[in-house]
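In the UniProt record's numbering, the protein residues as written are 1 to 127.
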């Protein structure tokens, strides 16, 4: 894919990323609002993986494919690990392709983000 923008970010996230309470309703509302604001940026391709999507792979830790696609950063509980072994990078690229294939984009992704915002609008503040 060619693009007129010098930098391109492709991101797939599960609906859990916008619905799990990791930092309280106020922060989650702000995070969801930012996704909704940024989803149409020409440098961003944002896919949201619906909770009901059937993906033919086991759940994996969060990871990012960096640079020219030759490094993968895996997010662990205590640290991040950079993987540069070509066969391991290829496995992560395959996993990302499976996630990307089942993700919702454009208006469908916006609908999922709206649902998450509605959820957070009705979430009570808890200490």
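From the three backbone atoms N, C-alpha and C, an ideal C-beta is built for every residue, glycine too.
Distance, Cα to Cα, residue 102 vs residue 82?
Counted from its first residue, the chain shown places residue 102 at position 102. Counted from its first residue, the chain shown places residue 82 at position 82. The straight-line gap from Cα to Cα measures roughly 26 angstroms.
With H, G and I counted as helix, E and B as strand and the rest as coil, what does DSSP make of residue 63?
Here residue 63 is taken as the residue at index 63 of the chain shown, counted from 1. In the displayed model, residue 63 falls within a strand according to three-state DSSP.
Okay, do the stretch 114-125 and the stretch 52-61 touch, 3+ Cβ pairs below 8 angstroms being the bar?
no
Using the Cα positions of residue 53 and residue 74, report the straight-line distance between them to the nearest angstrom.
Taking the chain shown and counting its residues from 1, one reaches residue 53 at position 53. Taking the chain shown and counting its residues from 1, one reaches residue 74 at position 74. Distance between the alpha carbons of residue 53 and residue 74 is about 23 angstroms.
Taking residue 95 and residue 48 to be in contact with their CB atoms under 8 angstroms, please state how far apart those CB atoms are, rounded to whole angstroms.
For this step, residue 95 is matched to residue 95 along the chain shown. For this step, residue 48 is matched to residue 48 along the chain shown. At roughly 17 angstroms, the Cβ-Cβ gap does not stay under 8 angstroms, so residue 95 and residue 48 are not in contact.
Who are residue 88's beta bridge partners in DSSP?
Translated into positions along the chain shown, residue 88 becomes position 88. In the DSSP output, where bridge partners are listed per residue, residue 88 has none listed.
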